[in-house]
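Visitor: Protein sequences, first through last, are from chains A, B and C.
With the numbering used here applied, the first sequence covers 214 to 511.
With the numbering used here applied, the second sequence covers 11 to 321.
With the numbering used here applied, the third sequence covers 1111 to 1357.
For every residue, glycine included, the Cβ atom is placed at its ideal position computed from N, Cα and C.
Sending over a structure as structure tokens; questions will come in a sec.
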Amino acid sequence: MDFAANLFSTGTLSQILVGLSRTTILFIVSSGMSLILGVLRIPNVAHGSLYMIGAFAAWTVIQFLGGGLFAFLAAMIVAPLIVAAVGFVLERGFFSYLYEREHLMLLLLTFSFALILGDLVKIVWGSEYRSVTVPPFFQGSAEIFGLPLPWYNLFLLFIGPCIAIFLWLVINKTTLGKIARAAAVDGEMVGAVGINVGWIFAFTFVLGSFLAGLGGALIAPMVNISLGMDHSLIMETFLIVIIGGLGNMWGALLGSLIFGLTQSLGILVWPQFGIAFPYLAVVAVLVVRPRGLLSSTW
Amino acid sequence: MRRSAAPLLPLFLLVALLALPQVLPRFHTYIAAIVLLTALLATSLNLAIGYTGLYQFGHAVFYGIGAYGTALTLTRSGMPAPVAFLVGPLAAAALSLVMGVICIRLSKLYFGMLQISLGSLVWAVVYRWYSFTGGDDGIHGIPLPDAIASPKGSYYFTLIVTALCVFAMYRIVRSPFGKVIQGIRDNPVRAAAIGIDVRLHQLASLVLAGFFGGVAGSLFVVVENSVFPDMMFWTFSLEVLIMCLLGGMYTFFGPLVGASVIVLLRVFASVHTQYWSLILGTILTLVIIFLPDGVLGRFVRRPRSKEDAGA
Amino acid sequence: MLRVESLVKSFGGFKAVDGANLHVNAGEIVAVIGPNGAGKTTLFHLLTGHLSPDSGRILFKGKEIGGLSPHVICRRGITRSFQVVNIFPRLSVFENVQIAVLSRERKTFRIFSPVKGMAEEEVHRILRSVGLFDQKDVESDLLSHGDKKVLEIAVALSGNPELLILDEPTAGMAPEETERCIRLIRKLSEESGLTILFCEHDIALVFEIATWIMVMVRGATVVQGSGEEVRRNSEVQSAYLGESGEC
């Protein structure tokens, strides 16, 4: 375990870039959760399940359209839409009636949906692994710092900031976004000025779900699509959102960066326990700044 | 009516439980043992969540550490069994103290989330440390003293330990400490204003909850002869939480009822279907929507004075 | 007994307390009055440790207590009641007072003795002295508003304080309840020599029972003195001019 040598080789840079592309996925999914948490005050345990549905749905779309670049791009749009629809049903059908309950109850309700959705995925798609191959357009690697980095990872590195900017525009520059932010701070007031807060909440939840689904669709070519994806992701997402500051978009980005990088570097430096590094980072952050690194809307 | 019948009911139950292995087949005795230790686990969680009002989302880690502590002591150190049964719960209590000190400064939700994350850290370490903990395989074939190794023996051991621990927790809840933590749950500002060191009492409550959770883990070793990392996975933590909710978080026996229902349902469901999560999720949804006080909570309301009719 | 010097507390840009001064001598009944938003409750929170001062000093019996935690301050001998009723709603009247007594007796870590009959005599005594003995087994959430406020006082008394702080003790009370409360405050002061500090909107009440009055306007102490001195003070008159004296 030659830590120093491992850490300062070019392998590190390549690992960092891989970590960053992973960060993209984490960021997309976490921003969705942060949005929901910030505006609706619901810690959405089902977020991981939505992510998983996104991945499986992407597989189905690609199968249906026969593979290739077009199928892939279509999947990137259709799968998140499907997940957004699921989110809409959940929000309108259940959550909207229970907002005045305590957080504990809402959290457990989202957990119950995580359980139900998990098994629904099992029913619809079965228990076997699925996989999606990267479309020919993205296959192969580019040479970065003298090491091969898959094109797909570069694509992810590109997409990440795009989504971030898009979200920033939606939240800060559109009327809808401004209303949602106001509703996060004071839902009653927003209702009192005649805006239907319910639809704001629905919109937010749907957008958050869309993001979860998008994350799932994007990661589909990189991993085995399997049951259990939801469980591993949800914990990471929660932690990212906590260290970044509840409801804070930039916090989700920061948290994702910290998480993605500590994980990649951790595995590089200490392969056996590398996966523990992000958790340690989380603990360290929370001990020093209990409310998260950036301001939260709570 | 309830008051005079009350002491008889647990007694009757105890007698029934004692007689159980004599009449039921081996598998059922095994299930009954699992029910008992899970009931203990749920009750220990309720100490933290129902009685102290802390968002204890990561309780399974104490169960797991209690189990692993006992298992590792039995398999790796030369120490006799009684020591192993102390090591497990004490390790869980120690971990609870450490985690408590780290998390207690945070409020409500943050506390719960940080606890889950610390628990996940522990899980990740146990999962990866193949050489010491057996990694994702867990540890199997753990040697036990003859008296408690047989199905009947393990059952009676579990019954006795569970009964003692539940009784202890019952006393704790009815003690000054028990009232104080309930006061802290309902009104921490008021509690501080009357001189109660809120943090200290919360920590004590966490340590007790962790300790008894660890005992439940040790009992699992006796009944199952093995341990595995998923015992401390966060989904199990939430499952135990569901048991408390289902039975009634603000009653003492609620978690016992909830645990029994869930374990029995799980066993029954696993025979007939592979969609246990779906069933559990549906039950939880129904409980949250229709029975937020839990099964027992619905039927047991605090006895009130006749005077309040006019107040 | 209590000295407050140049206390300042801001929230963001807003100075809730901006130069408050107060001195309270043992055995007195002292009132703090002032228009709405003058910072009276903030001052009380600073005194009892629920908030930390930005600057200034709070000396209780000669020792600095600014910034200490509420439970520590309680142990030093200051207890309080709250403006918005702040009892343990799920516990009975008896249990509410009992917890406070047990806390004072430092028995809160006893885990194996049943709490049922503990400190019964003491709790009964306190309940009798405030007139709530008849309702001792009622779940406190079900009491009338006035009774809840009296329970607040009873709980504060259980700590055996040297200084009792009451935050708007008669707020929301019907006239008879207010009368009862005034008599209670008087009784506590006369019989036990308890030092009492309170704030109130009901100016008439204040002038009736307070031996010393401090007036706060916009977070600062405008004047401290006996009822007569305060009444004659021109700043006080202008602060209340045009208002019905409501805080």
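1) Measuring CA to CA, which of A1210/C, V1127/C, R1328/C is closest to R200/B?
2) In chain B, which residues lie less than 8 Å from L1212/C when you measure between Cβ atoms?
3) For L459/A, which of helix, strand or coil comes out of DSSP?
4) Is V1056/C helix, strand or coil by DSSP?
5) Mind pulling the chain A residues with CB within less than 7 Å of L119/B?
6) Please report the straight-line C-alpha distance between D1128/C and I408/A, rounded to a whole angstrom.
7) With distances taken Cα to Cα, identify the nearest neighbour of Q212/B among T80/B, R86/B, C113/B, A42/B.
8) Apart from the five residues on each side of it in sequence, which residues of its chain come closer than 7 Å, Cβ to Cβ, to T168/B?
9) Applying a beta-carbon distance threshold of less than 8 Å, which residues of chain B neighbour I378/A?
10) Assign W1322/C to buried or exposed, taking buried as 16 or more other Cβ atoms, counted over all protein chains shown, within 10 Å of its Cβ.
11) Would you mind giving the Cβ-Cβ distance between I1275/C and L1307/C, rounded to the nearest angstrom? I have them listed as a contact below 8 Å.
12) Thinking just about the alpha-carbon of each residue, which of T417/A, L431/A, A489/A, I488/A is nearest to the one in M246/A?
13) Suppose you measure from the CA of S1179/C to the CA of H1160/C; what does that come to, to the nearest Å?
14) Identify which residue in T475/A, C375/A, I453/A, M448/A has its Cα closest to the Cα of A465/A.
15) Output the distance between the C-alpha atoms of G223/B and L50/B, rounded to the nearest integer angstrom.
16) Chain C partners of G205/B, CB-CB under 7 Å?
17) Mapping DSSP to helix, strand and coil, what is V71/B?
18) Helix, strand or coil, according to DSSP, for R1328/C in the structure here?
19) Taking only three categories from DSSP, how would you classify D1277/C?
20) Between the region 289-302 of chain B and the region 80-93 of chain B, do three or more beta carbon pairs fall short of 8 Å?
21) Check each candidate in S227/A, T323/A, I238/A, L507/A and name the one with the smallest Cα separation from F371/A.
22) Counting pairs of beta carbons, one from the region 249-265 of chain B and one from the region 53-66 of chain B, are three or more of them closer than 8 Å?
23) Kindly list the residues whose CB is nearer than 7 Å to the CB of S439/A, restricted to its own chain and excluding five residues on each side of it in sequence; keep chain order.
24) Quick check: what's the CA-CA separation for L507/A versus I455/A?
25) For S244/A, collect the residues of the same chain with a Cβ closer than 7 Å to its Cβ; drop the 5 residues on either side in sequence, then sort them by chain order.
26) Tell me, which residues are paired with I1143/C by DSSP?
27) Can you list, in chain order, the residues of its chain with a C-beta nearer than 8 Å to that of K162/B? Leave out the 5 residues immediately preceding and following it.
28) Run down chain B in chain order and give the residues with a C-beta less than 9 Å from the C-beta of V496/A.
29) Where does E1174/C fall in DSSP's three states?
30) Strictly below 7 Å CB to CB, what residues from chain B border H444/A?
31) Check the Cβ-Cβ distances between G227/B and every residue of chain C, and say whether any is below 8 Å.
32) Which of helix, strand or coil does DSSP assign to Q1334/C?
33) Indicate whether at least one CB of chain A lies closer than 8 Å to the CB of T48/B.
34) Is there a Cβ from chain B that is less than 8 Å from the Cβ of I1236/C?
35) Taking CB distances under 8 Å as the criterion, tell me whether R181/B reaches chain C.
36) Starting from I455/A, find everything on chain B with Cβ-Cβ shorter than 8 Å and list it in chain order.
Guide: Put simply:
1) Nearest option by C-alpha distance: A1210/C.
2) The answer, in chain order, is P186, K189, V190.
3) It is coil, neither helix nor strand.
4) The question about residue 1056/C has no answer here: the residues shown for chain C are numbered 1111 through 1357.
5) The contacting residues are P256, H316.
6) Rounded to the nearest angstrom, the two C-alpha atoms are 39 Å apart.
7) The closest CA to that of Q212/B, considering only T80/B, R86/B, C113/B, A42/B, is found on C113/B.
8) Within the same chain, T168/B has close Cβ partners A43, L46, L47, L229, V232, V233.
9) Within 8 Å Cβ-Cβ: nothing; I378/A doesn't reach chain B, min ~28 Å.
10) It counts as buried.
11) That belief holds up - the Cβ atoms of I1275/C and L1307/C are roughly 5 Å apart, short of 8 Å.
12) Comparing alpha carbon positions, the residue from T417/A, L431/A, A489/A, I488/A closest to M246/A is T417/A.
13) Rounded to the nearest angstrom, the two C-alpha atoms are 7 Å apart.
14) Ranked by Cα distance from A465/A, the first of T475/A, C375/A, I453/A, M448/A is I453/A.
15) Whole-angstrom Cα-Cα distance: 7 Å.
16) By Cβ distance, chain C contributes H1181, C1184, R1185, S1213, R1214, G1269.
17) V71/B carries a helical assignment under DSSP once its states are collapsed to helix, strand and coil.
18) DSSP places R1328/C in the coil class of the three-state scheme, outside both helix and strand.
19) Under the three-state reduction of DSSP output, D1277/C falls in the strand class.
20) As far as the Cβ criterion goes, the region 289-302 of chain B does not touch the region 80-93 of chain B, which means the pair count is below three.
21) When only C-alpha atoms are compared, the closest one is I238/A.
22) Segments in contact, yes.
23) Cβ neighbours of S439/A beyond the five flanking positions: Y342.
24) The alpha-carbon atoms of L507/A and I455/A are separated by roughly 10 Å.
25) Non-local C-beta neighbours of S244/A in its own chain, meaning closer than 7 Å and more than five positions away in sequence, comprise L380, L424, M462, A465, ordered along the chain.
26) According to the DSSP secondary-structure assignment, I1143/C is paired through a beta bridge with V1325/C.
27) If you ignore the 5 residues before and after K162/B, its C-beta comes within less than 8 Å of the C-beta of P31, T39, all in its own chain and listed in chain order.
28) Listed by position along chain B, the residues whose Cβ is nearer than 9 Å to that of V496/A are I112, L124, S127, L128, L131.
29) In this structure, E1174/C counts as strand in the three-state DSSP scheme.
30) T245, listed in chain order.
31) G227/B does not count as touching chain C.
32) Reduced to three states, the DSSP call for Q1334/C is strand.
33) Not closer than 8 Å to any Cβ of chain A, the Cβ of T48/B fails to qualify, so no.
34) Nearest CB-CB separation between I1236/C and chain B: not below the 8 Å threshold.
35) For R181/B, the answer is yes, since a Cβ of chain C falls inside 8 Å of its Cβ.
36) Per Cβ cutoff of 8 Å: Y120, M123, L124, S127.
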